[in-house]
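As structure tokens, the structure follows; a few thoughts come after it.
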Amino acid sequence: MNTIKVHIQVTPEVSLLDEPVHIQMDGLPPDSPVTVTAVTNHILGLACSAQSSATFIADSNGRVDLDTHQPVSGSYDCVDGMGLFWSMEMKDVQYTRVCRNADLRYEPRETVVQLYVQREGEIIGTASCVRKLYDPHVLVLDITEPDMVGKLFFPKGSAPAPGILVLGGGEGGLASPMTCAALLASHGYPSLALAYFRFEDLPQKLREIPLEYFEKAIQWLKGHAACNGQIVVYGRSKGAELSLLLGARYHEISGVIASSPSSVVCVGDIQRDESGRYVTYSSWSVDGHPIPHVPWSDGLCSEAEHCLNHGLRMDHVHRTALLQAGDLKEYEIPVERIHGPVLLISSRDDHWWPATLHCERIKQRLREHGSSYECVHLDYPDAGHVIRFPGVPTTQLRMNGGTAKANHHASRESWGEILAFLGRLSSLGYAESSD
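Per numbering that gives the first Met the number 0, the sequence shown starts with residue 0, numbered consecutively.
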């Protein structure tokens with residue numbers, strides 16, 4: 000019977016979701032294979048079944064260090080101390096979308112990852128680590144006013160800092176922006192995750208959402224005691240399109256972070272009328288009037304519907320719409336009106352829309368109009384649509400694109416750049432323009 004008992008060191012045992020974890024094993028037979036499996040039942044607050052594994056060869060001292068050892072097989076194939084975390088396959092994910100009777104619970108607030116070390120089919124050691132969704136010193140405030148629904152995360156007792164308005168994408172609800180807001184607050188920034196459709200009594204479809212709704216949230220966050228008066232809008236996907244629109248419209252915004260954005264106003268929703276023809280709706284409105292969006296022909300609507308129903312990439316639909324529209328001036332977002340720096344994040348294997356092309360157009364427009372503010376563009380050739388933050392699975396590729404490894408790299412690097420961007424803005428104190 001195998002009597003080997005390996006010593007597993009996990010440092011730190013408790014950490015924030017975006018922080019690296021060091022895993023090392025000692026006491027193994029030298030130069031022998033060992034398999035490490037990671038298992039959890041919650042990711043980003045969602046109940047699921049998630050697992051990864053990798054086989055290593057112990058060195059001559061009977062040690063395996065995940066920061067320096069490359070697996071010989073398993074769910075990832077490179078030297079990466081966090082490989083077991085980002086290469087997890089997620090199954091049986093239990094998504095919840097609350098439509099009425101606001102339920103803003105954010106549970107669980109931490110995720111436990113179990114580690115099992117096996118040799119020759121026998122478990123010879125176990126360990127675990129706790130991944131917190133936000134720092135224990137972060138306070139949380141639910142906001143359920145009739146015309147503003149969201150969740151504010153802010154650090155207790157910290158000096159006022161730029162406030163971050165966090166906006167999710169076409170999935171709607173609060174699940175996505177809440178996680179991001181929680182992590183940003185853990186890094187010292189009061190962050191408001193704002194729902195704008197498909198949640199509680201808000202509209203169920205992305206149709207002509209009034210920009211005035213966001214204006215109130217901006218003013219509310221700006222006036223909060225934890226905010227120093229600077230407001231940054233951070234959005235992903237449709238939320239990135241929205242972030243650029245808000246930055247161009249409201250001078251209170253000191254900076255914009257747009258991940259997988261659009262340079263134009265795009266279709267928000269489509270449906271068939273009684274005759275069977277498609278009707279398209281703008282995502283946004285101002286003063287009760289829809290903001291003009293790039294038009295889609297019936298053929299493009301049908302193609303988009305087919306792609307969505309069959310889980311196929313649809314970035315070509317958006318690209319074709321841009322080409323067919325010809326003159327895009329009516330639909331372009333006037334990003335030169337943004338009174339602060341802009342951080343753009345894109346990937347070239349984005350299956351939802353051509354984000355890299357949009358970022359190039361945004362940069363070109365800023366140059367043509369002589370914008371004096373910083374514009375940083377991070378572009379990742381092999382990554383897909385879902386670029387978030389490090390430490391979470393990046394294996395959900397269908398409809399998103401990229402590879403798990405490339406998505407992880409992009410998430411890790413861009414998250415560091417986001418924090419650096421916010422740090423520069425905070426220290427420089429970009430002033431509001433007077434015009």
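Every residue gets a Cβ at the ideal spot worked out from N, C-alpha and C, and that includes glycine. This one's a predicted model, so the numbers in the text were calculated from it and none came from an experiment.
Buried versus exposed call for residue i [16 or more other C-beta atoms within 10 Å across all chains shown]
{"i": "ASN100", "result": "Confidence in ASN100 is poor, its pLDDT being 39 and thus under 50, which makes the residue's placement unreliable; the coordinate value appears in the next sentence. The residue in question, ASN100, is exposed, as its Cβ has fewer than 16 Cβ neighbours within 10 Å."}
{"i": "GLN270", "result": "exposed"}
{"i": "SER426", "result": "exposed"}
{"i": "ASP348", "result": "buried"}
{"i": "THR39", "result": "buried"}
{"i": "LEU421", "result": "buried"}
{"i": "CYS211", "result": "Strictly speaking, residue 211 in this sequence is Glu, with Cys absent from that position. Burial call: exposed."}
{"i": "GLU121", "result": "exposed"}
{"i": "HIS309", "result": "exposed"}
{"i": "HIS292", "result": "buried"}
{"i": "ASP79", "result": "buried"}
{"i": "CYS77", "result": "exposed"}
{"i": "PRO145", "result": "exposed"}
{"i": "ALA224", "result": "exposed"}
{"i": "THR178", "result": "buried"}
{"i": "GLY415", "result": "exposed"}
{"i": "LEU299", "result": "buried"}
{"i": "ARG360", "result": "buried"}
{"i": "ARG276", "result": "exposed"}
{"i": "ASP102", "result": "Residue confidence is low: ASP102 scores 48 on pLDDT, short of 50, so the model does not pin down where it sits. Its coordinate-derived value is still stated next. Burial call: exposed."}
{"i": "GLY70", "result": "Note that residue 70 is Pro in the sequence shown here, rather than Gly. Answer is buried; the Cβ neighbour count reaches 16."}
Residue interval of the beta strand (DSSP E) (run including residue i)
{"i": "VAL33", "result": "32-42"}
{"i": "ALA382", "result": "Where ALA382 is concerned, there is no enclosing beta strand (DSSP E), given that its DSSP letter is neither H nor E."}
{"i": "SER345", "result": "341-346"}
{"i": "GLY267", "result": "266-271"}
Assumed close pair residue i, residue j - CB separation to whole angstroms, cut-off 8 Å
{"i": "VAL148", "j": "ALA181", "result": "Incorrect: roughly 17 Å between the Cβ atoms, too far for contact."}
{"i": "ASN227", "j": "PRO294", "result": "The pair is not a contact, with the Cβ atoms about 42 Å apart (cut-off 8 Å)."}
{"i": "TYR372", "j": "VAL391", "result": "The pair is not a contact, with the Cβ atoms about 31 Å apart (cut-off 8 Å)."}
{"i": "THR393", "j": "TRP85", "result": "5 Å"}
{"i": "ILE230", "j": "PRO161", "result": "7 Å"}
{"i": "GLY254", "j": "LEU424", "result": "5 Å"}
{"i": "PHE152", "j": "ALA184", "result": "4 Å"}
{"i": "ALA257", "j": "GLY234", "result": "6 Å"}
{"i": "LYS237", "j": "GLY168", "result": "4 Å"}
{"i": "ARG453", "j": "SER14", "result": "With the chain running from 0 to 434 in the structure shown, residue 453 is simply not present."}
Check whether residue i and residue j have beta carbons under 8 Å apart
{"i": "LEU322", "j": "ILE344", "result": "no"}
{"i": "MET127", "j": "VAL165", "result": "Just to set this straight, residue 127 is Ser in the shown sequence, not Met. The answer is no: Cβ separation not under 8 Å."}
{"i": "ARG197", "j": "TYR280", "result": "no"}
{"i": "LYS150", "j": "ALA192", "result": "yes"}
{"i": "ALA247", "j": "PRO154", "result": "no"}
{"i": "LEU27", "j": "GLY82", "result": "no"}
{"i": "SER52", "j": "THR36", "result": "yes"}
{"i": "HIS368", "j": "GLU331", "result": "no"}
{"i": "SER31", "j": "ALA57", "result": "yes"}
{"i": "ARG387", "j": "HIS350", "result": "no"}
{"i": "VAL278", "j": "ASP272", "result": "yes"}
{"i": "ALA409", "j": "TYR379", "result": "yes"}
{"i": "LEU327", "j": "VAL263", "result": "yes"}
{"i": "ASP134", "j": "LYS204", "result": "no"}
{"i": "GLU88", "j": "ALA46", "result": "no"}
Boundaries (first-last residue) of the alpha helix (DSSP H) holding residue i
{"i": "LYS215", "result": "210-221"}
{"i": "HIS6", "result": "Not the alpha helix (DSSP H): HIS6 falls in the beta strand (DSSP E), residues 6-10."}
{"i": "ILE361", "result": "354-367"}
{"i": "ASP314", "result": "314-324"}
{"i": "GLY238", "result": "237-248"}
Test: residue i CB closer than 8 Å to a CB of chain D
{"i": "PRO289", "result": "Protein chain content of the structure displayed is limited to a single chain, and chain D is not contained in it."}
| task | Mind listing, in chain order, the continuous beta strand (DSSP E) runs of no fewer than 3 residues lying wholly within the segment 274-302? | result | 277-281, 283-285
| Any beta strand (DSSP E) of 3 or more consecutive residues that is wholly inside the segment 110-188 | 121-131, 137-144, 147-154, 160-166
| query | Of all the alpha helix (DSSP H) runs that stay within the bounds of the segment 384-434, which reach a length of 4 or more residues? | reply | 403-427
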